[in-house]
Ligand SMILES: [Zn+2]
């Protein structure tokens, strides 16, 4: 019953967009304002007190007895361009439906709950991702406010235009000691749950990510007059590396390594490639393992280059440390998954989430929901009503078990 309500709410929210015919909502856009109004209304119906901060984060709070801690539940309400309707939205709407269900049953929780709809996670309007959760956790820096959008508006100007007052990045919304943790429900955006035939799974960590470019240099030459033995072909060296990286990571799960782009500057059909640039993206739930894999892959690239009379250089472009989930919160979530689904599965998130930023403030846990073909950031993104109902039951069960634990602890 509530599962169906959740499906209808996600459908309705999925129609709130800045672009006719497709779903796009970016930081403080008209669509985001309408989304906050819609979701804020649902929060009020569920008995939450609703406010919005200067950066457009939507915050619904369910009070409890004074002096009790607060559990944070949420995700982001912004989207990529031409998005699906589950990414982010699910993690905001599902907790509201769960709290409404508990309210109908007359269950009161022994701790306060805050449902958070972050205003920016996808880095579409401004290049810095996680602006919403950064503002909420007091991690927005003066330098971030100088970021500008495609029209040249700075982040500061956009925030001040929205709030109507001068913006000073705030302190964290809570003291660490006042919080129980942050739990985010999100579609998996990958194929593991589908492959294991499970509706939901529990995230153990958000993977460490390193990205950069390898530049292979050889010697350009005439494709007709240079004998094979006298060539120093940069692209052939890069090609050897692409297959080596695939083989290397395949033998070391949960490591993943991807060459996503190959570029031959001034390449031509009748010229031996003198230079080739490939991207390399390496991810692992453990920072040290990620660094070790990267060092070994670069070492292998050098060996390939030496044997072929080439040189190779490495230019790092991005590095995110791994974010481990809280063992205690994760175990509690897994207990509920087991109760509802029969068994639990632990999986690593290869993608970043608001939880990365929230982990600086409080312990985090994440529940992943199966999505069809692992597809996300696409209008065909789909999670079945049945799977959504399972996720909802897990959340309701989790809140009730956490209540019992919390009451026991406080004696
Ligand atoms: Zn997301």
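Numbering (the working numbering), first residue to last: 1 to 411.
Built from N, CA and C at the ideal position, the CB exists for glycine as well.
Closest by CA to residue i, which one among the options?
{"i": "residue 417", "options": "403, 175, 93 and 56", "result": "No answer is possible for residue 417: the residues shown for the chain start at 1 and end at 411."}
{"i": "residue 79", "options": "397, 377 and 103", "result": "377"}
{"i": "residue 67", "options": "343, 329 and 110", "result": "110"}
{"i": "residue 335", "options": "313, 358, 396 and 281", "result": "396"}
{"i": "residue 278", "options": "290, 339 and 261", "result": "261"}
{"i": "residue 188", "options": "409, 300 and 368", "result": "368"}
{"i": "residue 406", "options": "332, 339, 348 and 364", "result": "332"}
{"i": "residue 349", "options": "34, 324, 173 and 40", "result": "324"}
{"i": "residue 38", "options": "59, 291 and 301", "result": "59"}
{"i": "residue 91", "options": "69, 116 and 45", "result": "116"}
{"i": "residue 433", "options": "313, 224 and 27", "result": "Only positions 1 to 411 of the chain appear in this structure, which leaves residue 433 out of reach."}
{"i": "residue 193", "options": "398, 393, 394 and 371", "result": "371"}
{"i": "residue 389", "options": "409, 268, 363 and 341", "result": "341"}
{"i": "residue 393", "options": "359, 101 and 138", "result": "101"}
{"i": "residue 212", "options": "145, 132 and 295", "result": "295"}
{"i": "residue 267", "options": "233, 248, 299 and 288", "result": "233"}
{"i": "residue 286", "options": "300, 299 and 256", "result": "256"}
{"i": "residue 364", "options": "339, 343 and 326", "result": "326"}
At a Cβ threshold of 7 angstroms, is residue i touching chain C?
{"i": "residue 112", "result": "Of the protein chains in this structure there is only one, and it is not chain C."}
Less than 7 angstroms separating the beta-carbons of residue i and residue j?
{"i": "residue 273", "j": "residue 82", "result": "no"}
{"i": "residue 183", "j": "residue 345", "result": "no"}
{"i": "residue 352", "j": "residue 366", "result": "no"}
{"i": "residue 191", "j": "residue 374", "result": "yes"}
{"i": "residue 297", "j": "residue 251", "result": "no"}
{"i": "residue 123", "j": "residue 10", "result": "no"}
{"i": "residue 93", "j": "residue 5", "result": "no"}
{"i": "residue 259", "j": "residue 276", "result": "no"}
{"i": "residue 147", "j": "residue 169", "result": "no"}
{"i": "residue 202", "j": "residue 337", "result": "yes"}
{"i": "residue 270", "j": "residue 229", "result": "no"}
{"i": "residue 113", "j": "residue 77", "result": "no"}
{"i": "residue 40", "j": "residue 16", "result": "no"}
Distance, Cα to Cα, residue i vs residue j?
{"i": "residue 99", "j": "residue 47", "result": "8 angstroms"}
{"i": "residue 153", "j": "residue 136", "result": "22 angstroms"}
{"i": "residue 54", "j": "residue 185", "result": "25 angstroms"}
{"i": "residue 2", "j": "residue 8", "result": "10 angstroms"}
{"i": "residue 391", "j": "residue 199", "result": "8 angstroms"}
{"i": "residue 361", "j": "residue 175", "result": "8 angstroms"}
{"i": "residue 329", "j": "residue 220", "result": "57 angstroms"}
{"i": "residue 62", "j": "residue 180", "result": "14 angstroms"}
{"i": "residue 439", "j": "residue 95", "result": "Absent from the structure is residue 439, since the part of the chain shown begins at 1 and ends at 411."}
{"i": "residue 84", "j": "residue 127", "result": "20 angstroms"}
{"i": "residue 108", "j": "residue 65", "result": "10 angstroms"}
{"i": "residue 357", "j": "residue 305", "result": "39 angstroms"}
{"i": "residue 157", "j": "residue 49", "result": "28 angstroms"}
{"i": "residue 164", "j": "residue 21", "result": "31 angstroms"}
{"i": "residue 119", "j": "residue 150", "result": "18 angstroms"}
{"i": "residue 36", "j": "residue 129", "result": "19 angstroms"}
Touch check for the stretch 385 to 403 and the stretch 214 to 223: three-plus C-beta pairs under 8 angstroms?
-> no
Segments assigned beta strand (DSSP E), at least 3 residues, entirely inside the stretch 336 to 374 = 346 to 349 and 364 to 369
Inspect the CB distances between the stretch 226 to 246 and the stretch 307 to 326 and report whether three or more fall short of 8 angstroms.
-> yes
For the 8 angstroms Cβ check, are there 3 or more pairs between the stretch 275 to 291 and the stretch 201 to 209?
-> yes
Scan the stretch 264 to 305 and note each continuous beta strand (DSSP E) run of 3 residues or more that stays entirely inside, going in chain order.
-> 275 to 284
Using 8 angstroms as the threshold, is the stretch 383 to 394 in touch with the stretch 317 to 330, meaning 3 or more CB pairs across them?
-> no
Whole beta strand (DSSP E) runs in the stretch 61 to 143 with 3 or more residues, listed along the chain?
-> 70 to 76 and 112 to 118
Hey, which unbroken runs of the alpha helix (DSSP H) at 4 residues or more fall wholly within the stretch 179 to 221?
-> 192 to 195
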